[in-house]
Structure formats: structure tokens, C-alpha cells
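Residue numbering for the sequence shown follows our numbering, starting at -18 and increasing by one per position.
All residues carry an ideal CB built from backbone N, CA and C; glycine is no exception.
As the structure is a computational prediction, the values presented were derived from the model and not from experiment.
Step one of this worksheet: look at the structure below.
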Amino acid sequence: MVEEVNKLNLKDLMKGKKQIMLEHNNKLYVLSITRRGKLILTAAY
-18 MVEEVNKLNL KDLMKGKKQI MLEHNNKLYV LSITRRGKLI LTAAY
């Protein structure tokens, strides 16, 4: 049996911004949209 996956609209999540901070396991990450519309996830400082 396949588990249902949550779906989020990126426009709703980003709210017009090009970067957002995400927290996972007490670590911060930056989700960025490039000029070409690609996504990059990097560890925050």
C-alpha cells in the first residue's frame, strides 16, 4: 500500500521571497530559487 504524500505549493510557502529558512533536526537550511527557477537547499551558517 502506498502512503499518501503531502503536497505544498511553493508559491504559498515562499510568499514572494527568493529564500526561506527551514528547520530540520534542530539544524537550519536555506531553500533558494535561482534566476532560472531551480531550487537549491543549503545548510545555513
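Check your understanding: Per DSSP, what kind of secondary structure is residue -2 in: helix, strand or coil?
Key -> coil
Check your understanding: How is the beta strand (DSSP E) around residue 15 delimited, first residue to last?
Key -> That residue, residue 15, is in no beta strand (DSSP E); it is neither H nor E in DSSP.
Check your understanding: the ligand MN heavy atoms versus the CB of residue 25: any closer than 8 Å?
Key -> Absent from the structure shown: the ligand MN. Ligands present: none.
Review point. Between the C-alpha atoms of residue 21 and residue -11, what's the straight-line distance to the nearest angstrom?
Key: 17 Å
Review point. Going by Cα to Cα distance, which pick from -9, 2, 19 is closest to residue 26?
Key: 2
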